[in-house]
């Protein structure tokens, strides 16, 4: 965005930063050269600042700029003490508060220093340090070089901004002697506890913990069973192993040298692993290694969580936790609280405690008899049921691992739809059909449409239906199709956020309806998870009014709203985060870029004529081709969706994909409205 470009130019010209456009915390452009070469202002101008950019990253190392990053601060005094120890004084201008609200950055300038590197266990891009007083914050990262840190006033994924804590600086960060910095770190940090952090060029990430027995089992199996012509799988296995550093290199060598289908030398394999380390962004994890192994027949080691003591069957809490985690159960941390998930390969499902109970009992019922030679199956199930108050409660399940899941989301240029046999990557000029093995990132289970897709060009009944709704007017058809595409595209741009309003074209002093609005909304709901709310009786001030909205909700449909519907109350939901309150649960804040889009179906115009109201509405008029007397079932001979053949479903899905592609190509297509202004006049002068 233009605002970020202007700020980036100031960081460059006034303060000497090399800068990057970022989305979240990730650069949106290749930046290896800028880790070493100082930019010019023209270089900054020529970067892409429009495609999904949410902020600016400052590169550490260039011009001796360094960053001290405090993570999950419990006591702000640690930031103040380190500023004081470094001689930066009170209210140092280059202290930045993270958008998370619990992180802080201190920018300084320090010349490269061999003694400092030696004391910190060798040259690294990022040094992860732990305080002697562990309660002050989780850890500190000294971002030294070839890494980047988010600068103000970038937007955090929570929707909050990164801000200068005190005031905007007028001069570059203060220069500190390396010896002073080292003395400060020695005073506050336990340098012996410093953990390795991978230097991966484009991104740094902490070394992943792993189950050695499980990984060795998978690698040993792949060593003997990974077929020939599986280079892509071999490559992805390498990316997964990168996340455990040099341990991963050992397993990569074992797999590659031991497999009869691969004939590279040890030197070549090491070189390939080095290349993968530089390219990795951390999104492919060890889970991919296990997934590939399972694809070729590997079975993960069984975790027995029960035992006998004094003739009684007991449940081992530690092994039961491990058993649940081995079967995909985990936590996802939210801004407030967490939710429980079950992750199966790349598919994520939110679960409740009763789902976990059902899984465990069903698992035990299906387990082979060989596992119950010493203890009868019924006794194990009985022990699980008796131990439910200890094991199926939040206080125990809170100990499940917390996972950071990189969800695959639409971008400004691309959209993704998921089917039972494949997924499609849709761009303005092409549609790529892909196998799920190619899926990088996680998706919600509700995103997968339980239909097979084959790309065809046959005309669907839904296409005829849309033409009839629009009276065969080409511009109106394009407008409706673009609106469908907009709603299917889950990328959100705050400058183009709108509610799509389905409105009857027919002039009437009362409700009309039956024009096909509901069927179009249902069509969108077949591909994106939609929550339908009763528009007639909806009350914005009522507690828990959005309690049915979840993290995977893509669309909120306000159905059949009245003239008195308060559109102003929707502004914050359309353009900002949405807060979801649920009874007896912590509220959930869904960030804007993940929040649902809005459909409003109505027989009336929406009140408000000011620019802000109109700018947030995209109105589609529905003709009276369909009505109480002439329904779609009368014309087509069967009900839409429920009574379609698989062939007709496939035609429909192809048409819908075309709508998304049209939107990516043309955006929202405007058309001349037929009776909108007249209806506004009627609605403003008639009683409801």
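Numbering (this note's numbering), first residue to last: 10 to 697. In this text, a Cβ means the ideal position worked out from N, Cα and C, and glycines have one as well. Every value quoted in this text rests on a predicted model; they were computed, and no experiment measured them.
Asked                                                                                                                        : Found
Residue(s) in a DSSP beta bridge with residue 443                                                                            : 432
Own chain partners of residue 503 with C-beta closer than 7 angstroms, once the 5 adjacent residues on each side are dropped : 584, 601
Beta strand (DSSP E) runs contained entirely in the stretch 257 to 320, provided each spans 3 or more residues               : 315 to 318
Extent of the continuous alpha helix (DSSP H) to which residue 187 belongs                                                   : 187 to 197
Of the listed residues 152, 611, 531, 606, nearest to residue 568 (C-alpha basis)                                            : 611
Any 3 or more C-beta pairs closer than 8 angstroms across the stretch 60 to 75 and the stretch 108 to 124                    : yes
Between the CA atoms of residue 629 and residue 410 - distance to the nearest angstrom                                       : 47 angstroms
Classification of residue 604 by the beta-carbon crowding that lies within 10 angstroms, buried from 16 upward               : buried
Residues sharing a beta bridge with residue 650, DSSP                                                                        : Answer is none; residue 650 lacks a bridge partner.
Simplified DSSP state of residue 214, which is helix, strand or coil                                                         : The pLDDT assigned to residue 214 is 44, lower than 50, so where the model puts this residue is not dependable, and the model offers no usable value.
Three-way DSSP call (helix, strand, coil) for residue 573 in this model                                                      : coil
Reference residue 529; option with closest CA among 35, 493, 281                                                             : 493
At least three beta-carbon pairs within less than 8 angstroms, the stretch 449 to 465 to the stretch 412 to 431              : yes
Paired residues, beta bridge with residue 116 - DSSP                                                                         : 76
Three-state class that DSSP yields for residue 507 in the structure shown                                                    : coil
Rounded Cβ spacing between residue 514 and residue 621 (contact assumed at less than 8 angstroms)                            : Residue 514 to residue 621, Cβ: 25 angstroms. No contact.
Buried versus exposed call for residue 472 [16 or more other C-beta atoms within 10 Å across all chains shown]               : buried
Sequence-distant residues of its chain with Cβ nearer than 7 angstroms to residue 21 (five each side left out)               : 28, 48, 50, 53
Same chain, Cβ closer than 7 angstroms to residue 209, five either side skipped, listed in chain order                       : Bear in mind that a pLDDT of 34 at residue 209, under 50, signals an unreliable position, so the number given afterwards is only what the model happens to contain. Excluding positions up to five away in sequence, the list reads 286, 287, 289.
Where residue 655 falls: helix, strand or coil (DSSP)                                                                        : helix
First and last residue of the uninterrupted beta strand (DSSP E) at residue 228                                              : From DSSP, residue 228 is part of no beta strand (DSSP E) but of the alpha helix (DSSP H) over 221 to 234.
Proximity below 8 angstroms, CB of residue 112 to CB of residue 80                                                           : yes
Top-ranked residue by Cα proximity to residue 167, from 314, 251, 344                                                        : 344
Within 8 angstroms, strictly: CB atoms of residue 402 and residue 373                                                        : no
Expected contact under 8 angstroms - CB spacing of residue 563 and residue 537 to nearest Å                                  : 4 angstroms
Residue 158 versus residue 37: straight-line alpha-carbon distance, rounded                                                  : 14 angstroms
Under 8 angstroms between C-beta atoms of residue 636 and residue 523                                                        : yes
For residue 305, the nearest candidate out of 257, 326, 237, 470 (CA to CA)                                                  : 237
Cβ neighbours of residue 314 in the same chain (closer than 8 angstroms, five flanking residues each side left out)          : 324, 325, 328, 329, 331, 332
Three-state secondary structure assigned by DSSP to residue 165                                                              : coil
Residue nearest to residue 380 in terms of C-alpha spacing, selected from 223, 626, 539, 310                                 : 310
Status (buried if at least 16 other CB within 10 Å, exposed otherwise) for residue 252                                       : buried
Whole-angstrom distance between residue 589 and residue 555, CA atom to CA atom                                              : 6 angstroms
Residue 243 beta carbon less than 8 angstroms from that of residue 235                                                       : yes
Endpoints, the alpha helix (DSSP H) within which residue 645 is located                                                      : 641 to 645
Cβ contact (3+ pairs, closer than 8 angstroms) linking the stretch 538 to 545 and the stretch 648 to 664                     : no
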